[in-house]
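Shown next, in C-alpha cells, is the structure this report addresses.
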Amino acid sequence: MTRRLAAALAIIGTLMLGGCGNDYGIDQNGHKVAAEHLDKQWLVLNYWAEWCGPCRTEIPELNGLAEQLKDKKIGVFGVNFDNVQGDDLKSATEKLGIKFTVLAQDPADLFDLPRSEALPVTYIIDNKGKVREQLMGEQTAAGVMAKLEALQAKN
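Next comes the structure, spelled out in C-alpha cells:
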C-alpha cells in the first residue's frame, strides 16, 4: 500500500511539474534561468566562443544592446559554442567581459535552431518562440536594433 501511494504521488508530482514552462537551465553564475523570464518576449540569442576573434569584437556591442533593451520585453542571451560549463563558463564570460546572461544549456532544441558552423551567429526569436532572423558574422548594437524594430513592425 505504501509503495502504491509513493508511486501515485511521484506520478502526480511529475505531471504537475510537467505543466510548468521549460526552464532554460542555469546561467554563467549558476543561477536558474526561469521560463517566465524568457517566454513571451523577443530574444536576441548569440553563439560565441573564446577563440573567435569576431565574437570578442562583438561582445561590447551586445553588452550595449542588452543595456539598451533592459526595460523592454527583449532579452539578450549568449550561448557558448563549445559547451563550456560551470566554473570554466563563468571564467570565460568574465575574461571576455560579457555582461548579458549566458545560458549554460544550449536552447537550440527548444527553438529548432540549426547548428551553425561559423561564428558568431545571432538569432532573433519572436515572442511566440519562432526564429525570425539568423544573423551571420559580427553584429553591431545599432544593426541588431534596426533588425528588431523592422521585425516587430511586421509582427
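Residue numbers (UniProt numbering): 1 to 155.
Even for Gly, the Cβ is constructed at its ideal location relative to N, Cα and C.
Remember, it's a predicted structure, so these values are computed and weren't measured experimentally.
*Under a Cβ-count criterion, where at least 16 other Cβ atoms within 10 Å of its own Cβ denotes burial, should Q139 be classed as buried or exposed?*
On the sequence shown, position 139 is the one that residue 139 refers to. It is buried - the Cβ of Q139 has at least 16 other Cβ atoms within 10 Å.
Just list the beta strand (DSSP E) runs in the UniProt domain "Thioredoxin" (1-153), keeping only unbroken ones of 3 residues or longer that don't cross its boundaries, in chain order.
42-48, 74-80, 101-103, 121-125 and 131-136
Straight-line gap, L43 to G75 (C-alpha atoms, nearest Å): Start at 1 with the first residue of the sequence shown, and residue 43 comes out as number 43. Start at 1 with the first residue of the sequence shown, and residue 75 comes out as number 75. Cα to Cα, L43 sits roughly 5 Å from G75.
- Message: Buried or exposed for W48, going by 16 or more other Cβ atoms inside 10 Å?
- Response: Mapped onto the sequence shown, residue 48 falls at position 48. Label assigned to W48: buried.
### Message
If the criterion is Cβ atoms closer than 8 Å, does the pair Q41 and A104 meet it?
### Response
Here residue 41 is taken as the residue at index 41 of the sequence shown, counted from 1. Here residue 104 is taken as the residue at index 104 of the sequence shown, counted from 1. In this structure, A104 does not lie closer than 8 Å to Q41 by Cβ.
*Report yes if the C-beta of A153 is less than 7 Å from at least one heavy atom of the ligand PLP; otherwise report no.*
Judged by which ligands are present, the structure shown has none, so any question about the ligand PLP falls away.
**Q.** CA-to-CA distance, E58 to V131, given in whole angstroms
**A.** As a first step, residue 131 is located in the sequence shown; it is residue number 131 there, counting from the start. As a first step, residue 58 is located in the sequence shown; it is residue number 58 there, counting from the start. Taking the straight line from one Cα to the other gives about 21 Å.
- Going by the CB atoms, is the gap between A92 and E61 shorter than 8 Å? Numbered from its first residue, the sequence shown carries residue 61 at position 61. Numbered from its first residue, the sequence shown carries residue 92 at position 92. Contact flag unset, no.
Roughly how far, in whole angstroms, is the beta-carbon of I124 from the beta-carbon of K147, given that I think they are within contact range, below 8 Å?
As a working mapping, residue 124 is identified with position 124 in the sequence shown. As a working mapping, residue 147 is identified with position 147 in the sequence shown. The Cβ separation is near 6 Å, so the contact holds.
Given this structure, state the Cα-to-Cα distance separating T101 from P114, to the nearest angstrom.
Translated into positions along the sequence shown, residue 101 becomes position 101. Translated into positions along the sequence shown, residue 114 becomes position 114. Distance between the alpha carbons of T101 and P114: 21 Å.
Please look up how many angstroms separate the CB atoms of N46 and P107, rounded, as I've assumed it's under 8 Å.
Translated into the one-based positions of the sequence shown, residue 46 becomes position 46. Translated into the one-based positions of the sequence shown, residue 107 becomes position 107. Actually they do not touch by this definition, with Cβ atoms about 12 Å apart.
ask   = Short check: CB of G145 to CB of L38, under 8 Å?
value = Looking up residue 145 in the sequence shown gives position 145. Looking up residue 38 in the sequence shown gives position 38. The identity of residue 145 in the sequence shown is Met, whereas the question assumes Gly. No, these two residues do not count as a Cβ contact at 8 Å.
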